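Protein chains in written order, with the working numbering: chain A, 160 to 275; chain B, 18 to 130. A short write-up of the structure that comes next.
Below you can see the structure in the form of structure tokens.
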């Protein structure tokens with residue numbers, strides 16, 4: 160196990176609703192990245208948080224937003240849910256040090272979101 | 018942006034034989050290449066990674082090779098065991114700044130006892 164935890168494990172929502180997913184990073188890690196994994200596909204990068212600020216974003220609309228807290232935990236918020244948002248949402252934590260090669264990303268178990 | 022292609026999509030191997038999964042990438046600036054194993058209902062687990070300053074890395078039964086000129090890298094699993102059955106993903110990223118990983122589409126590996 161990586162030490163990265165996510166909650167909840169499963170979630171069912173209806174179209175148009177809003178959802179918040181949570182991630183606790185591995186001890187000593189300061190960076191959290193979020194990925195969306197549709198069924199049968201590889202994870203797709205949503206965004207990354209470093210020092211409580213967004214540090215890079217993939218091809219996802221603004222209704223996907225996030226936060227990082229001083230303890231490095233993070234939230235992913237999705238507004239106006241659509242059927243295509245049904246997926247496994249993964250967070251990964253890593254240690255980023257200025258001027259040094261990036262550390263490995265370690266993934267949590269994911270949150271399975273179903274939008275009806 | 019980066020595009021990672023992975024082959025084959027499914028692979029069945031007799032227990033004890035070797036398995037090879039291949040990936041190609043498009044961004045010549047990519048220089049970090051991890052491999053993840055994902056079991057049913059779990060998140061991806063890092064099994065091995067390689068940076069562009071080396072051509073090969075080995076960890077017990079698992080090895081990864083990298084050809085930067087051809088922009089392809091491969092995962093080799095020797096002496097396969099039933100517990101190796103899972104979906105394997107390759108990924109690529111640049112080393113500095115935005116460290117997003119771009120993943121391949123996955124290979125479902127089945128080890129036949």
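Glycine residues also receive a C-beta, built at the ideal position from the N, C-alpha and C atoms. Computed from a predicted model, the values in this text were never measured in an experiment.
- Excluding five sequence positions before and after residue 216/A, the CB atoms of its chain that fall closer than 6 Å to its own CB belong to 206, given in chain order.
- Under the 8 Å Cβ criterion, the stretch 97-104 of chain B counts as touching the stretch 48-67 of chain B, having at least three qualifying pairs.
- Using a C-beta cut-off of 8 Å, the stretch 216-234 of chain A makes contact with the stretch 194-206 of chain A, since at least three inter-stretch Cβ pairs fall below that distance.
- Among the residues of chain A, none has a CB under 9 Å from the CB of residue 22/B; the nearest is roughly 11 Å distant.
- Straight-line measurement puts the Cα of residue 122/B at about 8 Å from the Cα of residue 26/B.
- Within the DSSP secondary-structure output, residue 76/B pairs in a beta bridge with 79/B.
- Linking residue 40/B to residue 130/B through their CA atoms gives a straight-line distance of about 27 Å.
- Taking all protein chains in view, the Cβ of residue 117/B is crowded by 16 or more other Cβ atoms within 10 Å, so the residue is classified as buried.
- Following the DSSP letters along the chain, one finds residue 126/B inside the beta strand (DSSP E) bounded by residues 124-129.
- For residue 41/B, the uninterrupted beta strand (DSSP E) segment begins and ends at 36-42.
- Under the rule that a run must span 3 or more residues, the beta strand (DSSP E) segments found entirely inside the stretch 231-257 of chain A read 233-237, 246-253.
- Listed along the chain, the chain A residues whose CB falls inside 7 Å of the CB of residue 66/B are 263.
- Classified as buried, residue 97/B has 16 or more neighbouring CB atoms from the shown chains inside 10 Å of its CB.
- Chain B places no beta carbon closer than 8 Å to that of residue 235/A, leaving this residue out of the contacts.
- With a cutoff of 8 Å on beta-carbon distance, residue 67/B and residue 50/B are scored as near each other.
- Using beta-carbon distances, residue 117/B counts as an interface residue toward chain A, with a partner under 8 Å.
- In terms of Cβ geometry, residue 249/A and residue 189/A do not form a close pair [threshold 8 Å].
- Remark: fewer than three beta-carbon pairs, one from each stretch, lie closer than 8 Å, so the stretch 60-76 of chain B and the stretch 21-36 of chain B are not flagged as touching.
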